[in-house]
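Okay, so here's the structure we're looking at.
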Amino acid sequence: MNSSFLLSASTLCRREIVRFLRDRSRIFSAVGTPLIFWLFLGSGVGKSFTAGPESGSYLEYYFPGTVVLILLFTSIFATISIIEDRKEGFLQAVLVAPIPRSSFVFGKLLGATALGLIQGILFVLLAPLVGFSWHIIPITIVMMALVAFSLTGLGYIIAWRLDSSQGFHAIMMTLLIPMWLLSGAVFPASNASFWMKALITVNPLTYGLAAVRWAMYGSSAAAAMGLPPVTLSLAVTITFGAIVFLASLVMTRRPT
Amino acid sequence: MNKEAAVQVLNLTHDYGSRRALSNVSFEVQRGEIFALLGPNGGGKTTLFKILSTALIPKDGTAKIVGFDIRTQANEVRSRIGVVFQNPSLDKKLTVLENLRYHGQLYGLRGKTLADRVNEMMERLMIADRAASRVETLSGGLARRVELAKGLLHRPEVLILDEPSVGLDPGARRDLWLYLQKLREKENVTVLVTTHLIDEGDRSDHVLILNLGQVVAFGTPESLKKEIGGDVIAISTKEPEKLSAAIREKFSIEPTVLNGSLRVEKQQGHTFISHIVDAFPDLIDSVSLSRPTLEDVFIARTGHRFWEDQ
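Protein sequences appear in the order of chains A and B. Residues 1098 to 1353 (the working numbering) make up the first sequence, in order. Residues 32 to 341 (the working numbering) make up the second sequence, in order.
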């Protein structure tokens, strides 16, 4: 990595953050919606829920799921900005600047990851309210960063080819939200039927969410919940992030 | 600075699917000149612009900019060209200053050099008082000046502009061209501009006229206009075919029939007008005489008007 790569990637990353901070409605929708879901769904389902013999409240079970939903919303909305960049013309200038395309991809993904992470962190600071310890916060943030990066990469490869943000919303509702629903965010895999279990097992986000749960619950409690092992969860999340990153790079090559 | 041409285009060919956009186009642009790529929309200008600005890889042929190949040395080319797009390329949510600063960083500028260049460009293009304004609040003319400041920030040797005066009012257009001329004279920057406006071709040192992806004419505006034999006479008539045949028979010249009127190129046009009006008073509705323009060159070479396909 040379200095021009880092300078251009950090420039593009900073631009994402500046733009985001200027757009109050985006800040509200990315944290506000999951927060409302968490409060209403968590309190509504209440005691009718059980995830195992030692399971706590549903507000607690659903907390890591909400963290991942915030990451999903923010990271993915940040990658929609590629469609705007293309439409509004900013992208054309970046693509003829003397920078490697990889630094554009990296800057974009890093910026979007940072946005997801900032908002995820704001929410995770509420974790002690539902019984999690303060100490779990730093390791949780590390896991969140991995999940945010891989979701951002996924958003990038979807957004790169699209020319309207409506198209993106359609994909979001039919692919990304179900992916989140079937990750163990809302209900545990252990209670699901066979075919649901199969979908949950092949869903890469299952492992991202599991990594966040491992960080928040600690190994013994997480093992009792029937989650995939921590090493597998990390391996799948990192591999998935690497694959979507490479795919983003390949897609961003100069057209002929 | 080496002696090579600023831009060398070598047998460029490009198509989008089955539609041919450029067909074996070759030309050279010398250093320090204003060079216009003139043609109707769909003529291939924008494809050529995209290829020269390294946004698109051509199907065949290549181009060199200050000696660097756009296919194999894209980054060397990129750091030496300034690109001004037809559609805005500024980030509307950012201020003028932020746009320029970020752009400079993408071109490897930083620290004091960057700050000095940004200030210098804002002074020169008279946008310094709007440094803190978001781009979305600027008028079209001001935004175009910011685009130009951005394109020149890294001191490119060649400035490539795609239809830079589209959407500008006449005053802003004149300012833009005065600035381009100053840039060429004071800093020897080569300016390559695509345009569909005849008078912008006239303001350039050399013009390349493109139609349907092919070069139809190339030269200085004066030399091209000289090729037209003298004056251009346009005759409007209700019976173009009949009048055309009559003129051919009596004066042994071949008029061009265009959209129901006739065009004749002739030395001493004013005396010729009195002859034909005397000869066919009943067939002629009106006659006009003009000095040849680049549009006449276009018509002479392609047999149709500049705007016909619009």
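The beta carbon of each residue, even a glycine, is placed where N, CA and C say it ideally should be.
Query: Kindly indicate which three-state DSSP category G1252 of chain A falls into: helix, strand or coil?; Result: helix
Query: Output needed in chain order: residues of the stretch 119-133 of chain B with a Cβ under 8 Å from some Cβ in chain A.; Result: P119, S120, L121, D122, K123, K124, L125, E129 and Y133
Query: Please check the pair I112 of chain B and P187 of chain B, which I expect to be a contact at CB under 8 Å, by giving their CB distance rounded to whole angstroms.; Result: 5 Å
Query: Output, in chain order, the set of chain A residues within a Cβ distance shorter than 7 Å of F99 of chain B.; Result: Going along chain A, no residue has its Cβ under 7 Å from F99 of chain B, so there is no contact; the nearest lies around 11 Å.
Query: Could you check what DSSP says for A265 of chain B in three-state terms: helix, strand or coil?; Result: strand
Query: Any beta carbon from chain A within less than 8 Å of R141 of chain B's own beta carbon?; Result: yes
Query: Return the residues of the stretch 1283-1297 of chain A that lie within a Cβ-Cβ distance of less than 8 Å from chain B, sorted by chain order.; Result: none
Query: Would you kindly report the start and end of the unbroken beta strand (DSSP E) that includes K297 of chain B?; Result: S292 to K297
Query: Quick check: what's the CA-CA separation for A67 of chain B versus L239 of chain B?; Result: 6 Å
Query: Given a cut-off of 8 Å on the beta-carbon distance, is the pair Q61 of chain B and A37 of chain B in contact?; Result: yes
Query: What do you reckon, are the CB atoms on W1335 of chain A and L1243 of chain A nearer than 8 Å?; Result: What sits at residue 1335 of chain A in the sequence shown is Ile, not Trp. Result yes, Cβ atoms of I1335 of chain A and L1243 of chain A sit closer than 8 Å.
Query: I101 of chain B: buried (16+ other C-beta within 10 angstroms of its C-beta) or exposed?; Result: buried
Query: E1185 of chain A versus chain B: which residues are under 8 Å apart at the beta carbon?; Result: P119, D122 and K123
Query: Measure the CB-CB distance between P89 of chain B and I96 of chain B and report whether it falls below 8 Å.; Result: no
Query: Where in the stretch 58-131 of chain B do unbroken runs of the beta strand (DSSP E), each at least 3 residues long, occur, reported from the N-terminal end onward?; Result: 65-69, 91-96 and 112-115
Query: Is it the case that the CB of L1192 of chain A approaches a heavy atom of the ligand HEM more closely than 7 Å?; Result: No copy of the ligand HEM occurs in the structure displayed, which carries no ligand at all.
Query: Go ahead and pull the three-state DSSP assignment for L137 of chain B.; Result: helix
Query: Quick check: the Cα distance between K257 of chain B and I330 of chain B, rounded to an integer number of angstroms?; Result: 14 Å
Query: Between the alpha carbons of G92 of chain B and E253 of chain B, how many angstroms are there, rounded?; Result: 30 Å
Query: When you check each C-beta in the stretch 103-115 of chain B against every C-beta of chain E, which residues fall closer than 9 Å?; Result: In summary, chain E is missing from the structure at hand, where the protein chains are A and B.
Query: Between the stretch 118-137 of chain B and the stretch 1106-1114 of chain A, do three or more beta carbon pairs fall short of 8 Å?; Result: yes
Query: Per DSSP, which one or two residues make a beta bridge with H185 of chain B?; Result: Answer by DSSP bridge pairing: none, since H185 of chain B is not bridged.
Query: For Y1155 of chain A, count the other beta carbons within 10 Å of its own beta carbon; 16 or more makes it buried, fewer makes it exposed. Which is it?; Result: buried
Query: With a threshold of 16 other CB atoms inside 10 Å of the CB of P312 of chain B, please say whether the residue is buried or exposed.; Result: exposed
Query: Could you name the residues of chain B that V1202 of chain A contacts, counting a contact when the two beta carbons are closer than 7 Å?; Result: Per Cβ cutoff of 7 Å: no residues; V1202 of chain A is ~14 Å from chain B at best.
Query: Name the one or two DSSP bridge partners that N242 of chain B has.; Result: B:Q245
Query: How would you label Q299 of chain B, buried or exposed, when you count the other beta carbons within 10 angstroms and need 16 or more for buried?; Result: exposed
Query: On a Cα-Cα basis, can you pick out the residue from B:G63, B:N55, B:D316 and B:I65 that is closest to G75 of chain B?; Result: B:N55
Query: Going along the chain, which residues of its own chain have a beta-carbon closer than 7 Å to the beta-carbon of G182 of chain B, five neighbours each way excluded?; Result: G113, V114, V115 and L190
Query: Output needed in chain order: residues of the stretch 64-87 of chain B with a Cβ under 8 Å from some Cβ in chain A.; Result: S84, T85, A86 and L87
Query: Mind reading off the beta-carbon distance from G1281 of chain A to L1306 of chain A? Whole number of angstroms is fine, and I expect it under 8 Å.; Result: 5 Å
Query: For L342 of chain B, which residues in chain A fall below 7 Å Cβ to Cβ?; Result: Outside the displayed span of chain B (32 to 341) sits residue 342 of chain B, for which this structure offers no information.
Query: Shortest alpha-carbon distance to H237 of chain B belongs to which of B:A174, B:V220, B:R176 and B:L255?; Result: B:L255
Query: With contact counted as at least three CB pairs below 8 Å, one residue from each stretch, are the stretch 1182-1189 of chain A and the stretch 1228-1237 of chain A in contact?; Result: no
Query: Just to confirm my understanding: we take R51 of chain B, look at its own chain, exclude 5 residues before and 5 after, and list those with CB closer than 7 Å. What are they?; Result: G244
Query: Helix, strand or coil for N1300 of chain A? Go by DSSP, reduced to three states.; Result: coil
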